[in-house]
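Only one structure is covered here, and it is reproduced in the block below.
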Amino acid sequence: MSDASESPGNSESPGNSESPGNSESNVPSESTALRDRVRTEPGPHAVAVVAALAAGVGLASVHWLGLIAAGALASLPAPTARRGAGYAFGAGVACLAAFALSLGPAAGAASDMFPVVYVTVGAGLGLPLFGSLARAAVA
């Protein structure tokens, strides 16, 4: 009787276990389930976005490549690639705001340096958008 109950599972298992990559299929399915949970459930989604934003701003404060990482990290919990680009844009805005706050009273004088401001804002918004391509790659 136990053979009959295991028969449907066994009929699929031999076909799956014969292929070399399916012995590791449990690990990707668990990570896929976690990824889908983070992208669909509001609680884990909010935690992932805030953690990614904090890590991205921290990395961007150390090096300009952190802007790309900020966009990539912010876009990964997004349910779609388009929303991932929006999250990356928001991460860029947050990085620019953190940079402006770090300037303190010198922010007024720095805003008069037009060519430098253009590069700063362009990099602060463009590099995270470039990093959001990671969301499209992960799918």
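Under full-length UniProt numbering, the sequence shown has 3 at position 3, and the numbering climbs by one with no breaks. For every residue, glycine included, the Cβ atom is placed at its ideal position computed from N, Cα and C. Here the structure is a predicted model, which is why all the values come from computation and not from measurement.
Taking the alpha helix (DSSP H) that Leu59 belongs to, which residues open and close that run? Boundaries of the alpha helix (DSSP H) around Leu59: Pro42 to Val62.
Can you give me the Cβ contacts of Pro44 inside the same chain, cut-off strictly under 7 Å, excluding the 5 residues immediately before and after it? Cβ contact annotation for Pro44 (same chain, cutoff 7 Å, sequence separation greater than five): Arg37 and Val38, in chain order.
Collapsed DSSP secondary structure at residue 158 in the structure displayed: Summary: the structure shown does not reach residue 158, with the chain confined to residues 1 through 139, and so no result is reported for it.
Note the first and the last residue of the continuous alpha helix (DSSP H) segment covering Ser132. Per DSSP, Ser132 belongs to no alpha helix (DSSP H) and is neither H nor E.
Just how far apart, CA to CA, sit Val138 and Leu127? Linking Val138 to Leu127 through their CA atoms gives a straight-line distance of about 18 Å.
Cut-off 6 Å between Cβ atoms - residues of its own chain near Leu65, not counting five sequence neighbours on either side: Within its own chain, no residue has a Cβ closer than 6 Å to the Cβ of Leu65 once the five positions on either side in sequence are excluded.
Beta carbon of Ala69 nearer than 8 Å to that of Leu59: With respect to Leu59, Ala69 sits close: the two C-beta atoms are nearer than 8 Å.
Just mark Tyr118 as buried or exposed, buried being the case when its beta carbon has 16 or more other beta carbons within 10 Å. Around the beta carbon of Tyr118, a 10 Å sphere encloses fewer than 16 other beta carbons of the protein chains shown; the residue is thus reported as exposed.
In whole angstroms, give me the CA-to-CA distance for Phe114 and Val121. Approximately 10 Å between the Cα atoms of the pair.
To the nearest whole angstrom, what separates the beta carbons of Ala78 and Gly71, a pair I think is in contact under 8 Å? About 11 Å; that fails the 8 Å criterion.
Reduced DSSP category for Ala137 - H, G, I as helix; E, B as strand; rest coil: Looking at Ala137 - three-state DSSP - the assignment turns out to be helix.
How big is the Cα-Cα spacing for Val49 and Pro42? Spanning the two alpha carbons is a distance of roughly 10 Å.
Which word fits Val116, buried or exposed, when buried means at least 16 other C-beta atoms lie within 10 angstroms of its C-beta? It is exposed - the Cβ of Val116 has fewer than 16 other Cβ atoms within 10 Å.
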